[in-house]
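*Asks:* Numbering (the numbering used here) for the sequence shown: 282 to 1079.
Please see the structure below; I have some questions.
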Amino acid sequence: MPQPRKTSLSLVETSLPTTITPEQLACLDAMEKKALWLSSWMVHNANYIRPSRDGLKVGGHQASCASSTTLLTALYMNVLQPEDRIAVKPHASPVYHALMYLLGRQDLRMLKDFRMLGGAQAYPSRTKDGDDVDFSTGSVGLGVAETLFAALVQDYARLNGHLGDGVKTGRMVALMGDAELDEGNVFEALLEGWKYDVGNLWWIIDYNRQSLDGVINHMLFQKIQSFFGTVDWNVVTLKYGKKLEEARHGPAGEAVLDWIDECPNDLYSALTFKGSDSWRERLTSDLSGTAGLKTFLDSHDDETLHALMTNLAGHDMTSILEAMHAANAQDSDTPHCFVAYTIKGHGTPLAGHKDNHAGMMNPEQMDGFQQTMGISEGEEWDRFAGLEIDRDRLQIFLDSVPFVGEKRRRHTAPSVLVPDLTLPAADKASTQAAFGQILHELGRGNSALATTIATTSPDVTVSTNLGAWVNQRGLFNRHERPDVFREENVASIQKWVRSQSGQHFELGIAENNLFLMLAALGLAEPLFGARLLPVGTLYDPFVNRGLDALSYACYQDARFMVAGTPAGVTLAPEGGAHQSVNTPLVGMSIPGLAYFEPAYADELAVIMRWGFQHMQADVGGSVYLRLSTRTIAQPERTLSSEDRRSITTGAYWLDAPAAGAELAIVYAGVVAPEAITAHEAILDDIPGAGLLAVTSPDRLHADWLDAKRRRRSGERTARAQIETMLDQLAPDAVLITVMDGHPSALSWLGAVGTQKVTALGVDQFGQSGDIEDLYQAVGIDTDAIFDAAASACLTRLG
């Protein structure tokens, strides 16, 4: 377990604050023991006692829980304040729920129903758990990085007066497993945090040196110190507990600690699991001839020697509290990384075993563990059974825990009025340009809506038409930075002054960071009482690059608007690497994300207004706009209230069909000109054919599914908008669908009624070319639409 014993924070010189009394320390040790028991029993109950209907292993990671129990107990029962926010490593979920149960914030039924429908979740969840989870975790690495962006958003909200009334600023904390450092998004976030000089942030590494498939590289600690030191973090190494530090000054003490330093992680873990006389045999062999060794070994029996050799600081309550309170006393602007040496499975029969990640105590092991913990049969769920301190004293301690001092930790903020969004009239426009113009017009004023919008982009601000907005509102930075080009009289249309009042976050090219930033901004209301309306942009194909973080953001019910632009093969010269194909399906498949693909600027204005309202609604969500740089002719019209409702529901007739019409062309997005031209040509042969504009395949599909559910529930008259629309056609009519995206985003229309569908779209990677050639190559041009209609009609006639 190699590790220099010098750290950036000298633990030898620290001591417990005088406010922590021996009585409190004893209670903390008792609560740690109880949390270890409850988390282990919770998993055991779920796997061995509770009836199973499907035979699946329930799981629960007892060993991973054990390595983090001391750290989480110290945090929740002493260090954390109500305003602090923490992301708990996914596999420590049972420990979290056990601690909330002890603190009176979790029901016993939830523990008994762990990993069951309605019970405590497998991994902490803001939306599925009821015990005040701050950040969902589960996709490892994302929760860690999210705390960094939350710290940045808290600074932004504080500096710009957005914090809710009476809301205090707190520290953002992440407890992570050491294997989470294998996730690249963690290091992408670290670099972005360095750019923004983020502070008020702790990352605590549960350094148990074991992962799912093996043991962590024994030199990882050196890289950790290097990574974090490079971006100006204070790295605090917690290696030896108080017993080992005391042994250092006794016979052979330095030699024993040096031996631990040099001991490979896998050997240390193996000896930990073997226990008994294994430590004695190994030390006798490896340190033969060391002065004082016999005295050292003779002073311990096998049990106390094992306890000493496994006395790592990550399981030593006093060592942890000293380090954290010392960090608390330092400048909060310096982020801290705590490397806490722990043992996977500590305190359980699984400690140190190579297979303990997914392993669980069997019934015989659990019986022995229960006896060791002093838990009588029938008292397994009791909050104080097996503890030496009486219940009244423990309850007094729990009532005084700082974290529970404020019952209301989820905040609300007043909604802002969203007026009609305007943009200059134009004969021709692209949806991307219209998007930029709408924000530009907002940025020129000082409405409540404009003040609450915060934008962000991964180095594509200008090329996604956010530049005009940034010129109006500026870039955010904690430190004032002038636009040097402007000061040096270098002509540029960009006015990029950085200040604390700026409303745009310019990110590096890392799409995971974009969606984590949007998630943090989109959680500003419940976390900080701040009403913010985040808007992000990225090139549409790179939605896939940040897909995990996008899904994670929506899973937490973060509220934001993101524009994927330019989209599709319509970005013709750029080639296949920059042409998106599958993103319509992404937009349709993520819960809590409403996907739109408008063709016209007026549609977009209606959708964005609805989107800003939807982001603030109690039962709302986020919005994904799939846009294009293709300039097309705009319709001359004034939208009615019914038109607006249809646009936000997902579709409207651009040219309504005659009653009983035998064909309709259905298009979404930028292929509107091809669909219109084909429709006009078809009218010569099929008078009355309809032309349906789909503005949101996602919303239209969701409305149809909802109507079907309502009918199954007994609401027989429930009808979806698309059902009503298609009722105007003949039952055996033909639908020709077309879009610059995967055809299955619209092909489902054939299941709505009895009409048959021919679905045109892009089901191959693109290439460089112009629009005309590429549309022809993938089969979404006017001729392809007309030919598909002719073929389908001939088939219909038999």
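Positions of the beta carbon are idealized from the N, C-alpha and C atoms, including for glycine.
Just so it is clear, the structure is predicted and the values come from calculations on it, not from any experiment.
Quick one, are the C-beta atoms of R691 and P363 less than 7 angstroms apart?
*Replies:* On the sequence shown, position 410 is the one that residue 691 refers to. On the sequence shown, position 82 is the one that residue 363 refers to. No; because the gap between Cβ atoms is not below 7 angstroms, this pair is not in contact.
*Asks:* Assign V900 to buried or exposed, taking buried as 16 or more other Cβ atoms, counted over all protein chains shown, within 10 Å of its Cβ.
*Replies:* For the purposes of this step, residue 900 is taken as residue 619 along the sequence shown, with counting starting at 1. Label assigned to V900: exposed.
*Asks:* To the nearest angstrom, report how far apart V1033 and T737 are at their CA atoms.
*Replies:* Sequence index remark: in the sequence shown, residue 1033 carries index 752 (1-based). Sequence index remark: in the sequence shown, residue 737 carries index 456 (1-based). Cα to Cα, V1033 sits roughly 39 angstroms from T737.
*Asks:* Please state if the CB of V699 and the CB of Q894 are separated by a distance shorter than 7 angstroms.
*Replies:* Sequence index remark: in the sequence shown, residue 894 carries index 613 (1-based). Sequence index remark: in the sequence shown, residue 699 carries index 418 (1-based). In this structure, V699 lies closer than 7 angstroms to Q894 by Cβ.
*Asks:* Would you mind working out which of I485, L462, E527, V685 sits nearest Y382, comparing C-alpha positions?
*Replies:* Here residue 382 is taken as the residue at index 101 of the sequence shown, counted from 1. It is V685 whose Cα lies nearest to the Cα of Y382.
*Asks:* Determine the direct distance from the alpha carbon of E658 to that of G385, and round the result to whole angstroms.
*Replies:* On the sequence shown, residue 385 is found 104 positions in, with the first residue counted as 1. On the sequence shown, residue 658 is found 377 positions in, with the first residue counted as 1. Rounded to the nearest angstrom, the two C-alpha atoms are 23 angstroms apart.
*Asks:* Am I right that F809 and G445 are in contact with their C-beta atoms under 8 angstroms? What's the rounded C-beta distance?
*Replies:* What you label residue 809 is simply residue 528 of the sequence shown in a count that begins at 1. What you label residue 445 is simply residue 164 of the sequence shown in a count that begins at 1. Confirmed, about 7 angstroms.
*Asks:* Let me know the beta strand (DSSP E) ranges lying completely inside the segment 869–893, each 3 residues or longer, listed in chain order.
*Replies:* Whole beta strand (DSSP E) segments, 3+ residues: 874–877.
*Asks:* Strictly by DSSP, which residues pair up with M395?
*Replies:* Translated into the one-based positions of the sequence shown, residue 395 becomes position 114. One point to set straight first is that residue 395 is Phe, not Met, in the sequence displayed. Looking at the DSSP assignment, F395 forms no beta bridge with any residue, so it has no partner.
*Asks:* Please classify D1117: does DSSP put it in a helix, a strand, or coil?
*Replies:* Residue 1117 is absent from the model: the chain starts at 282 and stops at 1079.
*Asks:* Check whether the segment 1041–1049 and the segment 874–894 are in contact - that is, three or more C-beta pairs closer than 8 angstroms.
*Replies:* Result no; under three Cβ-Cβ pairs closer than 8 angstroms.
*Asks:* Using three-state DSSP, classify L804 as helix, strand or coil.
*Replies:* What you label residue 804 is simply residue 523 of the sequence shown in a count that begins at 1. Correct three-state label for L804: coil.
*Asks:* Specify the secondary structure class of I670 as computed by DSSP and reduced to three states.
*Replies:* Looking up residue 670 in the sequence shown gives position 389. The answer is coil: DSSP assigns I670 none of H, G, I, E or B.
*Asks:* Which residue from I1003, A1026, A536, N863 puts its Cα closest to that of D578?
*Replies:* Position 297 of the sequence shown, counted from the first residue, corresponds to residue 578. This sequence places Leu at residue 578; Asp is not what is there. Of the listed residues, the one whose Cα sits closest to L578 is A536.
*Asks:* Can you check the segment 513–561 for any beta strand (DSSP E) of at least 3 residues that lies completely inside it and give the ranges in chain order?
*Replies:* If we require 3 residues or more, the beta strand (DSSP E) runs fully inside the segment 513–561 come out as 515–519.
*Asks:* Using a Cβ-Cβ cut-off of 6 angstroms (strictly less than) and excluding sequence neighbours within five positions of A379, which residues of its own chain qualify?
*Replies:* The sequence position of residue 379 within the sequence shown is 98, counting from 1. So the list reads A316, L319, S320, once near-sequence residues are dropped.
*Asks:* Count the other CB atoms, across all protein chains shown, that sit within 10 Å of the CB of R672; report buried if there are 16 or more and exposed otherwise.
*Replies:* On the sequence shown, residue 672 is found 391 positions in, with the first residue counted as 1. The residue is exposed, with fewer than 16 neighbouring Cβ atoms inside 10 Å.
*Asks:* Count the C-beta pairs between the segment 367–375 and the segment 453–470 that are closer than 8 angstroms, then say yes if the count reaches three, no if not.
*Replies:* Yes: at least three Cβ pairs fall under 8 angstroms.
*Asks:* Just the C-alpha distance for L831 and T912, rounded to the nearest angstrom, thanks.
*Replies:* In the sequence shown, the residue the question calls residue 831 occupies position 550. In the sequence shown, the residue the question calls residue 912 occupies position 631. When rounded, the distance between both Cα atoms is 29 angstroms.
*Asks:* Identify every run of the beta strand (DSSP E) within the segment 578–650, keeping only runs that are complete inside it and at least 3 residues long; order them along the chain.
*Replies:* As far as the segment 578–650 is concerned, its whole beta strand (DSSP E) runs of at least 3 residues are 617–622.
*Asks:* Checking 7 angstroms against the spacing of the C-beta atoms, do L885 and A834 come in under that value?
*Replies:* To locate residue 885, count along the sequence shown from 1; it is residue 604. To locate residue 834, count along the sequence shown from 1; it is residue 553. No, the Cβ-Cβ distance between L885 and A834 is not below 7 angstroms.
*Asks:* Taking the beta strand (DSSP E) that V947 belongs to, which residues open and close that run?
*Replies:* Within the sequence shown, residue 947 is the residue found at index 666, counting from 1. It spans 942–949 - the beta strand (DSSP E) in which V947 sits, taken as one unbroken run.
*Asks:* Of all the beta strand (DSSP E) runs that stay within the bounds of the segment 293–378, which reach a length of 3 or more residues?
*Replies:* Counting whole runs of 3 or more residues, the segment 293–378 contains the beta strand (DSSP E) stretches 366–369.
*Asks:* Confirm, please, whether the CB-CB distance from A731 to V434 is below 7 angstroms.
*Replies:* On the sequence shown, position 153 is the one that residue 434 refers to. On the sequence shown, position 450 is the one that residue 731 refers to. Result no, Cβ atoms of V434 and A731 do not sit closer than 7 angstroms.
*Asks:* From A853 to Q860, what does the alpha carbon distance come to, in whole angstroms?
*Replies:* Indexing the sequence shown from 1 puts residue 853 at position 572. Indexing the sequence shown from 1 puts residue 860 at position 579. Going from the Cα of A853 to the Cα of Q860 covers about 8 angstroms.
*Asks:* According to the Cβ coordinates, are S566 and N481 closer than 7 angstroms?
*Replies:* Here residue 566 refers to the residue found at position 285 when the sequence shown is read from its first residue. Here residue 481 refers to the residue found at position 200 when the sequence shown is read from its first residue. Cβ distance not < 7 angstroms, so S566 and N481 don't count as in contact.
*Asks:* Beta-carbon separation of A621 and Y521 under 7 angstroms?
*Replies:* Stepping through the sequence shown from its first residue, residue 621 is reached at position 340. Stepping through the sequence shown from its first residue, residue 521 is reached at position 240. For A621 and Y521, no; Cβs fall outside 7 angstroms.
*Asks:* Could you tell me which whole beta strand (DSSP E) segments of length 3 or greater appear in the segment 785–873?
*Replies:* Counting only runs of 3 or more, we get 785–788, 814–819, 842–845.
*Asks:* If V1015 and L1078 are in contact, beta carbons under 8 angstroms, what's the gap, nearest whole angstrom?
*Replies:* Walking along the sequence shown from the start, residue 1015 turns up at place 734. Walking along the sequence shown from the start, residue 1078 turns up at place 797. At roughly 10 angstroms, the Cβ-Cβ gap does not stay under 8 angstroms, so V1015 and L1078 are not in contact.
*Asks:* State buried or exposed for P978, treating a residue as buried only when at least 16 other CB atoms are found within 10 Å of its CB.
*Replies:* Here residue 978 refers to the residue found at position 697 when the sequence shown is read from its first residue. It is buried - the Cβ of P978 has at least 16 other Cβ atoms within 10 Å.
*Asks:* Can you give me the C-alpha to C-alpha distance between V765 and H721, rounded to a whole angstrom?
*Replies:* Translated into positions along the sequence shown, residue 765 becomes position 484. Translated into positions along the sequence shown, residue 721 becomes position 440. Near 23 angstroms, if we compare the C-alpha coordinates of H721 and V765.
*Asks:* Can you tell me whether Y1056 is helix, strand or coil according to DSSP?
*Replies:* As a position in the sequence shown, residue 1056 is number 775, starting the count at 1. Helix, per DSSP.
*Asks:* Between which two residues does the beta strand (DSSP E) harbouring P763 extend?
*Replies:* Here residue 763 corresponds to residue number 482 of the sequence shown, with the count starting at 1. Careful: P763 lies outside any beta strand (DSSP E) and carries neither H nor E.
*Asks:* So, at 7 angstroms on beta carbons, what are the nonlocal neighbours of L631 in its own chain, with the 5 sequence-adjacent residues on each side left out?
*Replies:* The residue you call residue 631 lines up with position 350 of the sequence shown. Result list for L631: Q343, A344, N637, G640, M642, in chain order.
*Asks:* Using alpha carbons as the reference points, say which of A1001, L440, M869, I946 lies closest to I1066.
*Replies:* Translated into the one-based positions of the sequence shown, residue 1066 becomes position 785. Of the candidates A1001, L440, M869, I946, the one whose C-alpha sits nearest the C-alpha of I1066 is I946.
*Asks:* Does the CB of V512 have a neighbour CB from chain D at under 7 angstroms?
*Replies:* Note that chain D does not occur in the displayed structure, where there is just one protein chain.
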